[in-house]
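Residue numbers (this note's numbering): 52 to 467.
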């Protein structure tokens, strides 16, 4: 019998008590096979498992850790905040400080509401849009993930009259009857949808850079058209920047592009590695929320002081990091280009999609990705365990990390 590793034994134990041994499906490594990683600790650009193996980490808690693991300023500030109390269930001054930092970076966010996850942020923003407009229908785009709220778990068909097939059992068709799914970038189908349902559409929900069906670079022309058509029909434009907020610069992609949404959803980076979500926009719309308005949303842990401090410390570093943003984009471009060249030299059909410091890989043959992925892990490199997920470069990654990764990938691809 093959000797079992500590990691393998721990995963067997996890499976006894956690569903599938995980608390989020992609962590189970079903797409690539084999036991998933069970990480013991992280520092900088590296994570370490219970067998003592070191991995250069390009997942970074699914994009949350732009500063890398255990960034000293963040860790020390979180420790100090925890010593003052873990949770109060009241307003605390750290909520205000983080809100001010976000407003400084994204001026159109006049008012903000903090929640605990990206799913909560999007779900609450959609409710607010419906409450503000008095309409029910929502437009989203094929292959865009906006969290696991029932009415957003929809697989869109290629035609305008989508079949609206839920992606998960347990989602009644009645919950998705007001969700319109369209092909991203298709101006004609967008116009047709608004001609048919325009006075019923509360909002269009869009990721400016797609991150959950491989990296999908932005189409600024299409984003501008979304702004125009929502204005024409008095619908709202909601930008889901849970992944992209503070990823490419100090602020939001939409603000940088000049296409200003009515509402924006944030998460991941603004929590510094702790659970967070937020949605915000102009005061006229945001003031429809209770207690000022009638649109209800509440949570025990929203605005948690420890989480707020992690966000404050992270954004203060990012505010002074313009050059570092350019560096991680260069690193991602260097890595992506080298991977494509190595694949071509090995006659492997592989496409790398990249925008900024995000990148994803798509092999023509799924088995090639599995072989590639297992080779990565054995070599000490941790990529996302699915071709549909994004990888990220952080401020903690060094040129040596990138060079080492490239050299290892060349060897792995040559063996496929």
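For glycine and all other residues, C-beta sits at the position ideal for the given N, C-alpha and C.
Distance between residue j and residue i (C-alpha atoms, nearest Å)
i           : j           : result
residue 373 : residue 271 : 22 Å
residue 104 : residue 431 : 7 Å
residue 230 : residue 74  : 27 Å
residue 302 : residue 370 : 9 Å
residue 71  : residue 111 : 22 Å
residue 403 : residue 391 : 7 Å
residue 211 : residue 232 : The pLDDT assigned to residue 211 is 28, lower than 50, so where the model puts this residue is not dependable, and the model offers no usable value.
residue 350 : residue 418 : 44 Å
residue 422 : residue 460 : 12 Å
residue 186 : residue 253 : 5 Å
residue 345 : residue 181 : 12 Å
residue 62  : residue 83  : 16 Å
residue 196 : residue 416 : 24 Å
residue 207 : residue 191 : Any reading at residue 207 must be qualified, since the residue scores a pLDDT of 35, below 50, and its modelled position is unreliable; the value itself is stated next. The straight-line gap from Cα to Cα measures roughly 9 Å.
residue 149 : residue 69  : 34 Å
residue 160 : residue 294 : 17 Å
residue 425 : residue 342 : 52 Å
residue 81  : residue 124 : 36 Å
residue 316 : residue 396 : 42 Å
residue 412 : residue 401 : 7 Å
residue 280 : residue 245 : 8 Å
Helix, strand or coil at residue i according to DSSP, with G and I counted as helix
i           : result
residue 290 : strand
residue 405 : strand
residue 446 : coil
residue 363 : helix
residue 241 : helix
residue 231 : strand
residue 205 : strand
residue 440 : coil
residue 387 : helix
residue 458 : helix
residue 378 : helix
residue 463 : helix
For residue i: DSSP bridge partner residues
i           : result
residue 254 : 189 and 287
residue 108 : 433
residue 413 : 402
residue 280 : Residue 280 pairs with nothing; no bridge assigned.
residue 267 : 261
residue 420 : DSSP output for residue 420 lists no bridge partner at all.
- Task: Tell me the start and end of each unbroken beta strand (DSSP E) in the region 285–357 that is at least 3 residues and wholly inside, in chain order.
- Result: 287–291, 314–318 and 328–332
- Item | Contact the region 331–341 vs the region 195–205: 3+ CB pairs below 8 Å | Because the criterion of three Cβ pairs below 8 Å is not met, the region 331–341 and the region 195–205 do not touch.
- Query: Which ranges would you report for the beta strand (DSSP E) in the region 162–189 if only whole runs of at least 3 residues count?
  - Reply: Counting whole runs of 3 or more residues, the region 162–189 contains the beta strand (DSSP E) stretches 162–166.
- Task: Determine contact between the region 159–168 and the region 373–386, defined as no fewer than three beta-carbon pairs at a distance below 8 Å.
- Result: Three or more beta-carbon pairs separated by less than 8 Å are not found between the region 159–168 and the region 373–386, which leaves the two stretches without contact.
- Message: Quick check for students: name the residue ranges of the beta strand (DSSP E) that lie wholly in the region 55–143, counting only runs of 3 or more.
- Response: 90–94, 97–100 and 105–108
- Query: Do the region 449–466 and the region 77–90 touch if we need at least three Cβ pairs shorter than 8 Å?
  - Reply: no
- Message: Closer than 8 Å is the cut-off here; do at least three beta carbon pairs connect the region 380–400 with the region 343–362?
- Response: no
- Is the region 236–248 touching the region 269–285 in the sense that three or more CB pairs, one from each, lie closer than 8 Å? yes
- May I ask you to verify whether the region 220–229 touches the region 280–290, counting CB pairs closer than 8 Å and requiring at least 3? no
- Message: With three or more C-beta pairs closer than 8 Å as the rule, is the region 258–271 touching the region 423–442?
- Response: yes
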